[in-house]
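Residue numbers (my numbering): 116 to 345. To start, the structure under review is shown below, and the notes come after it.
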């Protein structure tokens, strides 16, 4: 049971604070739950909150005066969850950093190879990130950070290329190849063309093909001799 007397050290508690009307309003949450709520606001509040009481200071157990809101208790709670700032303890912050790092590394694994044409292991990418002195930003999208790291790695890695087959009986397939795409034509048949494109350009190619009703099939990634994903 949640009682401020039991939480002098705020064990297993994350505090979210909102400043409004010149006052502070705080909620006591389970660790790592605010992120989940902001991704899906329909989540049951019982799984997020230690208690539905709203405080001006959680650690001291001082309850807040809510008259200025002119809202129901649940509406105030959702406003605090949506716009408040989380006061994270070290354990919570480390959990979120590790989770974000895993997301970033997983994206990089799909986009680059070593200079021998092999996929990089999870540990190898983490080591390269540390050597590049990259600092993970919890508020920045994982894909953007992965692309930033790949730029830092420069010539020490090779970008993965994907083999795509385009086919259409009554089309000039050469016209679909966007001037801003980096691609290589591998084979041309009567009604189809095989090209290599980098992963970043595949979405551009796919969107163009879909808009022009041109068939496309993604074949195995090229230039890969042996997978070492772990």
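All C-beta atoms, glycine included, are put in the ideal place defined by N, C-alpha and C. The structure displayed is predicted, hence computed values, not measured ones.
What first and last residue would you give for the beta strand (DSSP E) that runs through residue 309?
-> The residue given as residue 309 occupies position 194 in the chain shown. For residue 309, the enclosing beta strand (DSSP E) has its first and last residue at 307-313.
Assess, as a yes-or-no matter, whether the stretch 249-265 is touched by the stretch 296-303 under the definition of 3 or more beta carbon pairs within less than 8 Å.
-> In short, these stretches do not touch, since the Cβ pair count stays below three.
For residue 147, collect the residues of the same chain with a Cβ closer than 8 Å to its Cβ; drop the 5 residues on either side in sequence, then sort them by chain order.
-> For the purposes of this step, residue 147 is taken as residue 32 along the chain shown, with counting starting at 1. Within the same chain, residue 147 has close Cβ partners 129, 207, 210, 211.
If we count Cβ pairs, one from each stretch, closer than 8 Å, do we get three or more for the stretch 266-278 versus the stretch 214-231?
-> Touching, per the Cβ criterion.
When the Cα of residue 137 is compared with those of 321, 179, 161, which residue comes out closest?
-> Within the chain shown, the letter at position 22 stands for residue 137. Of the residues 321, 179, 161, the one whose Cα lies closest to the Cα of residue 137 is 179.
Comparing alpha-carbon positions, which option in 139, 248, 127, 331 lies nearest residue 267?
-> Residue numbering aside, residue 267 sits at position 152 when the chain shown is read from its first letter. Among 139, 248, 127, 331, the Cα nearest to that of residue 267 is on 248.
Residue nearest to residue 174 in terms of C-alpha spacing, selected from 140, 181, 217 = For the purposes of this step, residue 174 is identified with residue 59 of the chain shown, where counting begins at 1. 140 is the residue among 140, 181, 217 whose C-alpha sits nearest the C-alpha of residue 174.
Got a sec, what are the start and stop residues for the alpha helix (DSSP H) residue 237 sits in?
-> Taking the first residue of the chain shown as 1, we reach residue 237 at position 122. That run of the alpha helix (DSSP H) goes 237-246.
With DSSP collapsed to three states, give me the class of residue 261.
-> Translated into the one-based positions of the chain shown, residue 261 becomes position 146. Residue 261: helix per DSSP, three-state reduction.
Within 8 Å, strictly: CB atoms of residue 200 and residue 251 | Residue mapping note: residue 200 aligns to position 85 of the chain shown, counting from 1. Residue mapping note: residue 251 aligns to position 136 of the chain shown, counting from 1. No.
Roughly how far, in whole angstroms, is the beta-carbon of residue 330 from the beta-carbon of residue 281, given that I think they are within contact range, below 8 Å?
-> In the chain shown, the residue the question calls residue 330 occupies position 215. In the chain shown, the residue the question calls residue 281 occupies position 166. Contact between residue 330 and residue 281 holds: their C-beta atoms lie close to 7 Å from each other, under 8 Å.
What did DSSP end up calling residue 199 once you bin it into helix, strand or coil?
-> Position 84 of the chain shown, counting from 1, holds the residue named residue 199. Three-state result, residue 199: coil.
Return the chain-ordered list of same chain residues with a C-beta closer than 7 Å to the C-beta of residue 316, the five sequence neighbours on each side being excluded.
-> Working through the chain shown from its first residue, we reach residue 316 at position 201. Hits under 7 Å: 296, 297, 298.
C-beta atoms of residue 310 and residue 279 nearer than 8 Å = To locate residue 310, count along the chain shown from 1; it is residue 195. To locate residue 279, count along the chain shown from 1; it is residue 164. Their beta carbons are under 8 Å apart, which means residue 310 touches residue 279 by this criterion.
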